[in-house]
């Protein structure tokens, strides 16, 4: 005797299967649609594209990226990319696992990825968010690495290839800032830790906070 699944049950099973295969939601980020992801930079502006390629070391964690003053730039999940515009000139960007903003996570001992860009009006800078690997390619290295092509044609081509394959997102700046404000002292401490690596100028709004114990 053949078992016949009612149409409504079939529909429910299909919906569950589709939900299971859906792309994971990245906090404070929306799907990019409609207008081109990378809008033309205005006068005196430059564009910065952030892309995080997939990795064999990926987890559900995503990278939080802030600027030199500790303001929200975006969150990067695996195989995602997004673009922002900035005033032309030097800019520092810092990244760490989003979970590091939770008090009591020993975040003061964890690394902060840092990169310094000198952008020019009308230019497009590309930054890759990578998961470094330890000895024997082990996946137990905490944190991320920010890599820039820096005039290397092969590196730039690789980042552009990652960008074409990645899921395009756009930052929800208000939501991202609200998240950061919940732990502003910790954010500022992470910015200061990254700033020391770059020997960059101090932030104008975040302040050089003491790293929490």
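Residue numbers (my numbering): 64 to 276. All residues carry an ideal CB built from backbone N, CA and C; glycine is no exception. Note that the structure is predicted; figures quoted are calculated from it, not measured.
DSSP state of residue i mapped onto helix, strand, coil
i           : result
residue 204 : coil
residue 268 : coil
residue 163 : helix
residue 125 : coil
residue 152 : strand
residue 12  : Coverage of the chain is limited to positions 64 through 276, which leaves residue 12 absent and any answer about it impossible.
residue 90  : coil
residue 119 : coil
residue 175 : coil
residue 252 : helix
residue 181 : strand
residue 213 : coil
residue 238 : helix
Any non-hydrogen atom of the ligand ZN within 6 Å of residue i CB
i           : result
residue 264 : As presented, the structure is devoid of all ligands, the ligand ZN included, so that no description of it is given.
Cβ-Cβ distance between residue i and residue j below 7 Å
i           : j           : result
residue 104 : residue 182 : no
residue 90  : residue 142 : no
residue 115 : residue 192 : yes
residue 250 : residue 261 : no
residue 144 : residue 229 : yes
residue 107 : residue 220 : no
residue 189 : residue 112 : yes
residue 173 : residue 195 : no
residue 92  : residue 200 : no
Beta-ladder partner(s) of residue i, from DSSP
i           : result
residue 233 : 93
residue 186 : Answer is none; residue 186 lacks a bridge partner.
residue 222 : In the DSSP output, where bridge partners are listed per residue, residue 222 has none listed.
residue 243 : Residue 243 is not bridged to any residue.
residue 107 : The partner list for residue 107 (beta bridge, DSSP) is empty, contrary to what the question assumes.
residue 137 : 128
residue 194 : BP columns for residue 194 are empty, so no partner.
residue 146 : 112
residue 158 : 128, 176
* Can we say the stretch 115-132 touches the stretch 261-270, given the rule of at least three CB pairs closer than 8 Å? -> Taking a contact to require three or more Cβ pairs closer than 8 Å, the stretch 115-132 and the stretch 261-270 qualify as touching.
* Any chance the stretch 175-185 sits against the stretch 156-167, with 3 or more Cβ pairs inside 8 Å? -> Touching, yes.
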